[in-house]
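Residues in the sequence shown are numbered from 0 upward in steps of one, following numbering that gives the first Met the number 0.
The beta carbon of each residue, even a glycine, is placed where N, CA and C say it ideally should be.
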Amino acid sequence: MASFKEVWQNACIHTKWDKGNPPAVYIFSDRIEIISTGGLPVDLNREEFYKGISKPVNSKLQKIFGQLGYVEQTGHGIPLIISNYGKQAFDIMENFVNVTIPFNYEKKNSDGTGTDNNVSINEAEQRVIDFISQNSRITIKELVAVSGYSDGYIRKILASLKEKKVIERQGGNKTGKWVIV
0 MASFKEVWQN ACIHTKWDKG NPPAVYIFSD RIEIISTGGL PVDLNREEFY
50 KGISKPVNSK LQKIFGQLGY VEQTGHGIPL IISNYGKQAF DIMENFVNVT
100 IPFNYEKKNS DGTGTDNNVS INEAEQRVID FISQNSRITI KELVAVSGYS
150 DGYIRKILAS LKEKKVIERQ GGNKTGKWVI V
C-alpha cells in the first residue's frame with residue numbers, strides 16, 4: 000500500500016497535465032499499473048531518478064500536497080519502490096512512466112530466500128518500516144518528524160515491530176542502526 004501511495008502521488012505531481020492525459024491506474028488480476036504522462040524531466044537522468052532526486056513538474060501541486068499532509072518529504076518514494084520491487088517496476092519511456100506493482104509479490108532476501116509473510120503489519124508499522132528502509136540510522140526524533148506520529152506512538156510501533164521480529168536494533172541508541180529482519 001505504501002508503494003502504491005508513493006507511485007500515485009508521484010504520478011499526480013510529475014504528470015504533464017497540459018498534455019491532456021491525466022495519470023491513470025489500471026488494475027489487472029496479477030498487478031496494478033500506474034501511468035503518468037511526460038516521461039522524466041528534461042534535466043533528470045535515470046540514475047538520478049532511481050536515487051530519488053525529485054524535480055517536480057508541478058511544484059505548486061507539490062506544495063499543495065505538502066500543505067495537506069499528503070507528502071511528508073521528497074525523494075524517498077522511488078527508492079522505497081525500488082527496495083520493494085526493484086528497478087524492473089519502472090518502465091521509463093520518452094513520454095510516459097509506467098510503474099507496475101505486482102500482487103502476491105514475495106520480496107526476496109539478499110540470499111535469495113523468501114520473507115515471512117505470516118506477520119501482520121498495520122499501515123503505521125509499514126510506514127515506519129519504509130522510513131527505516133530508506134535510512135537505517137534514522138532516530139526516533141526523525142521518525143516523529145517525517146511520520147507526523149507522536150514520540151510515544153513511534154516507540155509503541157518500534158516495540159511492536161521488534162516483538163514481531165520484523166526489525167531489530169544493532170548497536171547503541173546513538174551510533175546504532177535499525178535492521179529489517
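Excluding the 5 residues flanking residue i on each side, which residues of the same chain have their C-beta closer than 7 Å to its C-beta?
| i | result |
| --- | --- |
| E5 | G76, L79 and I80 |
| G170 | K176 |
| R126 | A1 and S146 |
| P55 | I12, H13 and Q61 |
For the ligand ADP, any of its heavy atoms closer than 6 Å to the Cβ of residue i?
| i | result |
| --- | --- |
| I166 | For the ligand ADP, the structure offers nothing, since it holds no ligand at all. |
Do residue i and residue j have their CB atoms nearer than 7 Å?
| i | j | result |
| --- | --- | --- |
| I12 | L60 | yes |
| T36 | N57 | no |
| S135 | S82 | no |
| L142 | I153 | yes |
| F130 | I137 | yes |
Return the chain-ordered list of same chain residues with a C-beta closer than 6 Å to the C-beta of residue i, the five sequence neighbours on each side being excluded.
| i | result |
| --- | --- |
| N108 | Confidence at N108 is low in this model, with a pLDDT of 46, below 50, so the placement of that residue should be treated as unreliable; the coordinate-derived value is given next. Hits under 6 Å: none found. |
| Y25 | E32 |
Which residue's Cα is closest to the Cα of residue i: the options?
| i | options | result |
| --- | --- | --- |
| G217 | V178, I166, T174 and K18 | The first residue shown for the chain is 0 and the last is 180, placing residue 217 beyond what the model contains. |
| I34 | F130, T174 and A10 | A10 |
| W16 | I139, F95, K163 and K173 | F95 |
| G85 | G65, S53, K54 and Y49 | Y49 |
| I156 | K173, I63 and E122 | E122 |
| Y148 | G68, T174, K163 and I63 | G68 |
Could you give the C-beta distance for residue i and residue j, rounded to a whole number, given that I count them as a contact under 8 Å?
| i | j | result |
| --- | --- | --- |
| E32 | N97 | 6 Å |
| I179 | I120 | Actually they are not in contact, since the Cβ atoms of I179 and I120 sit about 11 Å apart, beyond 8 Å. |
Going along the chain, which residues of its own chain have a beta-carbon closer than 8 Å to the beta-carbon of residue i, five neighbours each way excluded?
| i | result |
| --- | --- |
| M92 | G38 |
| V165 | V118, I120, E124, I128, I179 and V180 |
| W7 | P22, V24 and I33 |
Taking 7 Å as the CB-CB cut-off, is residue i touching chain B?
| i | result |
| --- | --- |
| E5 | Protein chains in the displayed structure number just one, and chain B is not present. |
Let me know if residue i comes out buried or exposed under the rule of 16 or more other beta-carbons within 10 Å of its beta-carbon.
| i | result |
| --- | --- |
| S53 | buried |
| A158 | exposed |
| V70 | buried |
| T14 | buried |
| A144 | exposed |
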